[in-house]
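To keep things clear, I will list the structure first and then write my remarks on it.
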Amino acid sequence: MVNAFGTIQFKEMPSIASTGVVVGPVEKESFFADSFDEILELENEKEESYEQANSRFIEKACTIAVQQGREQMENIDVFIGGDLINQLSPTNFAARKLAIPFLGVFSACASSMESLILGSLLLESGNAKSILAGASSHHPATERQFRYPIEYGAQKPGSAQWTVTAAGFALLQKHAKNAPIITHATIGRVVDGGQKNPLHMGAAMAPAARDTIERHLKNTNSSMADYDVIMTGDLGKIGLNILKEMFQDEDSGVILQDAGAQFYGENSFFNSGASGAGCSAAVFFSYMYDQLKNGVFSRVLLVATGALLSPLTFQQGETIPCIAHAIECRMEKRG
Amino acid sequence: MITSLITSFIVGGLICVIGQILMDGFKLTPAHTLSTLVVSGSILDGIGLYEPLIDFAGAGATIPITSFGNSLTHGALAEAEKHGLIGVLTGMFEVTSSGISAAILFGVIGAFIFQKRNTTY
Amino acid sequence: MKKILYISLVLLLLTACSNEREEAIYPAEEAPQLEEILNKQDTINGYRSVLNDEDILVAIDIKRMKRFNKEKIEKNLKKQLEEKFPDKEILVTGDLKVRWELEKVMDNQLNTEKLSETIEEIKSLSKEET
Amino acid sequence: MDQKQFDKIVDKQTPKAPLFVNMLKAFLVGGIICTVGQLITFFYIRFFPFTERTAANPTVATMVFIAMILTGTGLYKKISQFGGAGSAVPVTGFGNAVISASIEHKSEGYVLGIGGNMFKLAGSVIVFGVLSAFFVALIKTILVKMGVVSW
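Quick look at the structure:
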């Protein structure tokens, strides 16, 4: 049921039965590396285009998620996914191979949570039983579309972020045993903070994250302290600091975390941290999922943030509109 | 010999510093910075300063992208000197730059030779 | 990083001071007048000159800080020489290539026929402009 | 929260580019590249029939060749992250822009991919080089005709 502010409450308790996360070779460096299901040695195989490689990552992640959920691919009702490339071609091409009814979604790096929300709604309405939902990004493919060729030498400022090569997909089922459930979701509004610098995404996305978190807390009558962690997708170190300062809440300092800021640890090569649709998907569906499953966290809010720009719009001098979708996950011991 | 190396180091370095100031101080993209420098090189040649700079600094002045504007303008001016106004036009079609031809040639060769690899960090 | 800067500065000073004036005319005994004019020049570190019956080639080593005015210095010297030697074709240049070529001529002690051939070659080289 | 407050926060949290350090790095890297160029120039003057002026052409071509090797092996990107404009301003940076684009777009074929995208980044340099050369030559020619300046 969508209320006036866009927060949905799920009564049927859709749960994340299993997940599959596949990352590229650079992500070996990641703080979360131990949680990933598979680390591929090759970002793109010989004679393979970056976009094809992205599709391969998606297929692998989906296969792992389905296997771990002890399901068969043909029993999956719907496949929902998105990525950052024009016309979602990598996901479309992966869907061609998977041959499951497919919904492609795009809200840039927030696609992971958007597909999860749509999947939960389909479960809630009783129209589907098993759903694959998630998102992916591929560093070279994204880089060449939004910025420069891979080998072009352009000095990156400290606010720049590194698009991760990763695909994260989750298998959603009703009442899966011993699995985190999705209780609420807040659909984001498109918020524009007036930022224009495409190499400073954290600043552009922070207002959207704030808007969504604030609305979610208000609609669910909760405060930050009620959550173990509120994790944003890919604000990066600088973006996270901006978000924390915008909240000026004493709890925000500890509870607000960011997947992108933690992704590569303190490695200064990656500047402000990680970004991309695959970043939030990979971390939420591996590390956060494990923490929930193992009972370390019992209530978390996952907020994926996306910058809705294209290379055209920022060259035309437009500001960067952003969106953030939130999902609240709980782990309860159920008989 | 050594003085030549040092002057080319200093002059070439200083031109790059100007580029860095344009990029960091004036927040220009690399493409804007390089275009600005090319136009400055061309203007400097117009007022007759770039050739003396090459005499002074050698590669320190011919290697930076400013020399690209210089060589284009120089070609146009040489024709203009011979044929007047119409020479400006004909000169434009005669000027060449080894930089462009080399970049085209090695660009294609490079694409032939090099495969895509993993992103390095 | 700063070390490299210091070292290069020191090198610059050292080399700037240690340049010895190198002067040579080939064939040596030919032209006392030429030597007189060339020795007067204060903008150069040294020169090499080769001459035969028709031509005088002079390669000058212009002082580093005067190289901005290379063209002017060349023209100026050429004018002076043309006044003194109106019947000869004169080439004055600060170009390194010509200097090295003239050094080769001197080292090999070329005789008249070979010499005029080489002189023609050098002349055509320096005419090439980009 | 209004726009002004937000801009203030962004301003405060965003690290400033270390201009002086970057300038020093650019000076160093740019200087080294130009010194290598000077060495190559000497090489061409010494062993080939080039004068100081004409040696510039083969030197530039050689530098672009070196840029190709460095770009293809992924080293140029690293040099650039350190050197900034120091590696972008020399002709090697121009070569890097062209070569990286053509390696990148090989997957779309030789005509549309490499041919069509090669000057994606470096094209503006050529466009503005040619345009400014035209206007500078035009203005100077007119001024000479008017007798204001001489060639």
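In order, the protein sequence lines correspond to chains X, B, E and Z.
Take any residue in the first sequence, note its place counting from 1, add 274, and you have its number in the working numbering.
Take any residue in the second sequence, note its place counting from 1, add 76, and you have its number in the working numbering.
Take any residue in the third sequence, note its place counting from 1, add 6, and you have its number in the working numbering.
Take any residue in the fourth sequence, note its place counting from 1, add 24, and you have its number in the working numbering.
For glycine and all other residues, C-beta sits at the position ideal for the given N, C-alpha and C.
Just so we're clear, the structure is a prediction, and the values are computed from it rather than from any experiment.
CB contact check: residue i to chain X, cutoff 8 Å
| i | result |
| --- | --- |
| T195 (chain B) | yes |
| P140 (chain B) | no |
| F143 (chain Z) | no |
Buried or exposed by the 16-neighbour rule on C-beta atoms within 10 Å, applied to residue i
| i | result |
| --- | --- |
| L314 (chain X) | buried |
| C497 (chain X) | Note on residue identity: the sequence assigns Ser, not Cys, to residue 497 (chain X). When all chains shown are included, S497 (chain X) counts as exposed. |
| F559 (chain X) | buried |
| V173 (chain Z) | exposed |
| S399 (chain X) | exposed |
| N81 (chain Z) | buried |
| M92 (chain Z) | buried |
| H449 (chain X) | exposed |
| I138 (chain Z) | buried |
| G609 (chain X) | The predicted position of G609 (chain X) is uncertain, since its pLDDT is 42 and thus under 50; a value taken from the coordinates is nonetheless stated next. With fewer than 16 other Cβ atoms within 10 Å, it is exposed. |
The beta strand (DSSP E) enclosing residue i, as first and last residue numbers
| i | result |
| --- | --- |
| I66 (chain E) | D61 to I68 |
| M387 (chain X) | Careful: M387 (chain X) lies outside any beta strand (DSSP E), inside the alpha helix (DSSP H) at S385 to E398. |
| A581 (chain X) | R573 to A581 |
| A30 (chain E) | E28 to Y32 |
| F132 (chain B) | It is not in any beta strand (DSSP E) - F132 (chain B) instead sits in the alpha helix (DSSP H) that spans Y126 to A133. |
| F353 (chain X) | V352 to G356 |
| I282 (chain X) | T281 to Q283 |
Residue-level contact to chain B via CB, residue i, 8 Å cutoff
| i | result |
| --- | --- |
| K76 (chain E) | yes |
| R608 (chain X) | Because R608 (chain X) carries a pLDDT of 49, less than 50, the predicted location of this residue cannot be relied on, and no value is offered for it. |
| N328 (chain X) | no |
| L131 (chain E) | no |
| L52 (chain Z) | yes |
| N73 (chain E) | Correcting the residue identity first, residue 73 (chain E) is Arg in this sequence and not Asn. Yes, contact with chain B. |
Extent of the continuous alpha helix (DSSP H) to which residue i belongs
| i | result |
| --- | --- |
| K130 (chain Z) | K130 (chain Z) -> no alpha helix (DSSP H), and no H or E assigned at all. |
| D564 (chain X) | Y563 to K567 |
| Y100 (chain Z) | L99 to G107 |
| D121 (chain B) | P106 to G122 |
| E80 (chain E) | K76 to K90 |
Local conformation of residue i per DSSP, three classes
| i | result |
| --- | --- |
| H412 (chain X) | coil |
| G294 (chain X) | strand |
| T486 (chain X) | helix |
| H449 (chain X) | coil |
| L153 (chain B) | helix |
| W106 (chain E) | helix |
| V54 (chain E) | Strictly speaking, residue 54 (chain E) in this sequence is Arg, with Val absent from that position. Strand. |
| H599 (chain X) | strand |
| E325 (chain X) | helix |
| K120 (chain E) | helix |
| S289 (chain X) | strand |
| H474 (chain X) | coil |
| Q435 (chain X) | coil |
| I139 (chain B) | coil |
| R421 (chain X) | coil |
| M505 (chain X) | strand |
| Y68 (chain Z) | helix |
| Q531 (chain X) | strand |
| L90 (chain B) | helix |
| T116 (chain Z) | helix |
| I455 (chain X) | strand |
| A80 (chain Z) | helix |
| V172 (chain Z) | coil |
Beta-carbon proximity of residue i to residue j, cut-off 8 Å
| i | j | result |
| --- | --- | --- |
| V113 (chain Z) | I141 (chain B) | yes |
| R489 (chain X) | F521 (chain X) | no |
| N58 (chain E) | T99 (chain E) | no |
| F158 (chain Z) | A152 (chain B) | yes |
| G657 (chain X) | I512 (chain X) | Because chain X here runs from 275 to 609, residue 657 (chain X) falls outside it and cannot be looked at. |
| I290 (chain X) | Y563 (chain X) | yes |
| R573 (chain X) | D500 (chain X) | yes |
| R427 (chain X) | K32 (chain Z) | For clarity, residue 427 (chain X) is Gly in the given sequence; the question names Arg instead. Not closer than 8 Å, so no. |
| G89 (chain B) | G140 (chain Z) | no |
| L148 (chain B) | V154 (chain Z) | yes |
Under 8 Å by beta carbon: chain D residues contacting residue i
| i | result |
| --- | --- |
| I103 (chain Z) | Here chain D cannot be found, since the structure's protein chains are X, B, E and Z. |
Residue i at chain E interface by Cβ criterion, 8 Å
| i | result |
| --- | --- |
| P42 (chain Z) | no |
| F74 (chain Z) | yes |
| D121 (chain B) | no |
Within-8 Å CB hit, residue i to chain Z
| i | result |
| --- | --- |
| R418 (chain X) | yes |
| I78 (chain B) | no |
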